[in-house]
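Student: Starting off with a structure, shown below.
Residue numbers (the UniProt record's numbering): 1 to 348.
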């Protein structure tokens, strides 16, 4: 299928408003944050020298000790050091600041700390890179998850009945808008973005060779075909991983021998809850067989190669597979490729 000749089958839409653009940017930021959380240990480890132990206060250590037992050994030290710096930063500004308080001011506290770490040096801040902000946000997500383990992990909202804030403050619109603005500021200064990396055409070609390597066993090759078709459709159609794994055979309209294209209708998308289905037409591309998918199938395959008919492939499983495939290809920055790196790359 051709990426150049693929296009959505839909009526012309009005130009989005600034508010709609802002909403989409915040949505992408949250997707990035979710995606990169899968590799938070690697991201945090890269920046530990920016959070020296000798700058901490005893009070911060007392708070951090509360969550020590609930974080796995592999990520404990890095997370705790960033969290202790966060607590120390606010205690030095206000001795009465409560690290366990979660309310409408908490998103501002998070943004203030990240500003201290990543704001411009000429304005009295530390001038760290955007990747430090990403690592810090991830560590603080762990902090607030452990403070309130029964809260939703996907929202931040005010409960009008109890007048309390629910969910994670790191997912608030205020924090999301702050991160979007910070990334733009860093990009203008020439810093390479550390949000989810885009997968370009050459990356797709490498994944094709890796997943369909002739030296693989039959079971490995079968699993590789399924992974690659999911990767490719996400790339061609600018989809997130969680969208592409929901495609079923009934979403495909193909007439063999008569049409040189396939129509694929999506289910209702997260950004469009009206029920209006969005369709894409993927045209044949005989000159590049590696980006011309056939026989889409998104079922979980066991290590022995058996297709599990009752166990659909999940977004987290496919995301972990992508990480392993990129590591297998020797990508040193594999942790920065997330669940919508395909959509970013397909846009280019």
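Glycine residues also receive a C-beta, built at the ideal position from the N, C-alpha and C atoms.
Just so it is clear, the structure is predicted and the values come from calculations on it, not from any experiment.
In this structure, does DSSP put residue 249 in helix, strand or coil?
Tutor: helix
Student: DSSP state of residue 132, grouped into three classes?
Tutor: In this structure, residue 132 counts as helix in the three-state DSSP scheme.
Student: Using a Cβ-Cβ distance cut-off of 8 Å, determine whether residue 185 contacts chain D.
Tutor: The structure shown contains no chain D, having only a single protein chain.
Student: Roughly how many angstroms separate the alpha carbons of residue 156 and residue 198, rounded to a whole number?
Tutor: 28 Å
Student: Nearest-angstrom Cα distance between residue 255 and residue 314?
Tutor: C-alpha separation (whole angstroms): 29 Å.
Student: Do you know offhand how far residue 97's Cα is from residue 83's?
Tutor: 14 Å
Student: Mapping DSSP to helix, strand and coil, what is residue 266?
Tutor: In the three-state reduction of the DSSP assignment, residue 266 falls in the coil class.
Student: So, using beta-carbon positions, are residue 281 and residue 263 closer together than 8 Å?
Tutor: For residue 281 and residue 263, yes; Cβs fall inside 8 Å.
Student: What ranges does the alpha helix (DSSP H) occupy inside the segment 130-197, keeping only unbroken runs of at least 4 residues that lie completely in it?
Tutor: 130-147, 173-188
Student: Cα separation between residue 208 and residue 258?
Tutor: 27 Å
Student: DSSP puts residue 282 in a beta bridge; with which residues?
Tutor: 262
Student: Nearest by alpha-carbon distance to residue 316: which of 265, 288, 245, 286 is it?
Tutor: 245
Student: Between which two residues does the alpha helix (DSSP H) holding residue 243 run?
Tutor: 241-244
Student: CB residue 240 to CB residue 343, shorter than 8 Å?
Tutor: Against a cut-off of 8 Å, the Cβ pair of residue 343 and residue 240 comes out as a contact.
Student: Could you tell me whether the segment 160-177 touches the segment 137-144, where touching means 3 or more Cβ pairs closer than 8 Å?
Tutor: yes
Student: Which one of 341, 111, 202 has the shortest CA to CA distance from residue 177?
Tutor: 111
Student: Hey, could you find the ends of the alpha helix (DSSP H) residue 126 is sitting in?
Tutor: Residue 126 -> no alpha helix (DSSP H), and no H or E assigned at all.
Student: Helix, strand or coil: which one does DSSP assign to residue 342?
Tutor: DSSP places residue 342 in helix when its eight states are reduced to three.
Student: At which residues does the alpha helix (DSSP H) containing residue 107 begin and terminate?
Tutor: 106-118
Student: Inspect the beta-carbon positions of residue 144 and residue 182 and report whether they are closer than 8 Å.
Tutor: In this structure, residue 182 does not lie closer than 8 Å to residue 144 by Cβ.
Student: What's the gap between the Cα of residue 179 and the Cα of residue 285?
Tutor: 39 Å
Student: Does residue 271 pass the burial test, meaning 16 or more other C-beta atoms within 10 Å, or should it be called exposed?
Tutor: Residue confidence is low: residue 271 scores 48 on pLDDT, short of 50, so the model does not pin down where it sits. No coordinate-derived value is stated.
Student: Where does residue 187 land, buried or exposed, given buried means 16+ other C-beta within 10 angstroms?
Tutor: exposed
Student: Go ahead and pull the three-state DSSP assignment for residue 101.
Tutor: coil
Student: Rounding to the nearest angstrom, what Cα-Cα distance links residue 91 and residue 338 in this structure?
Tutor: 35 Å
Student: Helix, strand or coil, according to DSSP, for residue 325 in the structure here?
Tutor: helix
Student: Any idea what DSSP makes of residue 292, helix, strand or coil?
Tutor: Coil at residue 292, not helix or strand.
Student: So what's residue 337 in DSSP terms, helix, strand or just coil?
Tutor: coil
Student: How would you write the range of the alpha helix (DSSP H) that residue 233 sits in, first residue to last?
Tutor: 218-236
Student: Hey, how far is the Cα of residue 221 from the Cα of residue 133?
Tutor: 39 Å
Student: In three-state terms, what does DSSP make of residue 214?
Tutor: coil
Student: With distances taken Cα to Cα, identify the nearest neighbour of residue 203 among 136, 231, 190, 261.
Tutor: 231
Student: To which residues of the same chain is residue 162 closer than 8 Å at the C-beta, ignoring the five residues directly before and after it?
Tutor: none
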